[in-house]
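Visitor: First, the structure itself, so that you have it in front of you.
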């Protein structure tokens, strides 16, 4: 099923985050997990989401419109960046918690995880909070092109054991897993619409 991705709006406050009525799937991960690169790979465009050389630079929440399925991918600020001030980290955490717990149209949390790293406490804490909010989890391993097959399989087993959900393997540079990820996102946002026999296409 074809899907296009465009940046529709940017939010900075909780009221702005909760203003949209269509279905949403949040994308969250550590500040250097490769979230912007993944969004660009999903869109089939190089500069839709700005990729910064400085981890943790993004302060806003970006809403990307998915058409014709009529839902949003919501790019949340990266977390865990050590150079951010304590006040900044506290404000980000508060905004994230309120959004995950209060947004009525939020269908799931896509948790982005660096395939090169063993499970990190901060990722597990976010997964636990999402579960407490009764949000389904879609774990996504990023940067798998930088790992050998054995390491990929190990990470999948580790996270499956912790979350009881098998993570998807993805790579923004090689486009590994993009079609599978699109199908999973669409099926979560609009249950029953995704055709397993048709791969989503991307366009400018």
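In the working numbering, the protein residues as written are 316 to 519. From the three backbone atoms N, C-alpha and C, an ideal C-beta is built for every residue, glycine too. Note that the structure is predicted; figures quoted are calculated from it, not measured.
With 16 other CB atoms within 10 Å as the buried threshold, where does residue 459 fall?
Guide: One-based indexing of the chain shown puts residue 459 at position 144. Its Cβ being crowded by 16 or more others within 10 Å, residue 459 is buried.
Visitor: Within the same chain, show all residues whose beta-carbon is closer than 8 angstroms to that of residue 355, passing over the 5 residues directly before and after it, in chain order.
Guide: Here residue 355 refers to the residue found at position 40 of the chain shown. Within the same chain, residue 355 has close Cβ partners 361, 362, 363, 364, 366, 487.
Visitor: Going by other Cβ atoms of all chains shown within 10 Å of its Cβ, with 16 needed for buried, is residue 530 buried or exposed?
Guide: With the chain running from 316 to 519 in the structure shown, residue 530 is simply not present.
Visitor: For residue 405, which three-state DSSP category applies?
Guide: Position 90 of the chain shown, counting from 1, holds the residue named residue 405. DSSP places residue 405 in helix when its eight states are reduced to three.
Visitor: Please determine, among 501, 507, 506, the residue with the shortest C-alpha to C-alpha distance to residue 380.
Guide: For the purposes of this step, residue 380 is taken as residue 65 along the chain shown, with counting starting at 1. Comparing Cα positions, the closest option is 501.
Visitor: With three or more beta-carbon pairs closer than 8 angstroms as the criterion, would you say the region 334-343 touches the region 475-490?
Guide: no
Visitor: Below 7 angstroms CB to CB, which residues in the same chain sit around residue 514 once its five sequence neighbours on both sides are set aside?
Guide: Within the chain shown, residue 514 is the residue found at index 199, counting from 1. Residue placement at residue 514 is poorly supported in this model, since its pLDDT is 46, which falls under 50; the coordinates are not used for a value here.
Visitor: Compute the beta-carbon to beta-carbon distance between residue 426 and residue 448, rounded to the nearest angstrom, for a pair I have assumed lies under 8 angstroms.
Guide: Along the chain shown, one-based indexing puts residue 426 at 111. Along the chain shown, one-based indexing puts residue 448 at 133. Not a contact, Cβ separation roughly 13 angstroms.
Visitor: Just to confirm, is the Cβ distance from residue 413 to residue 332 under 9 angstroms?
Guide: As a first step, residue 413 is located in the chain shown; it is residue number 98 there, counting from the start. As a first step, residue 332 is located in the chain shown; it is residue number 17 there, counting from the start. Contact flag set, yes.
Visitor: Along the beta strand (DSSP E) that carries residue 340, what are the first and last residues, could you check?
Guide: Against the chain shown, residue 340 aligns to sequence position 25. Start and end: 338-344.
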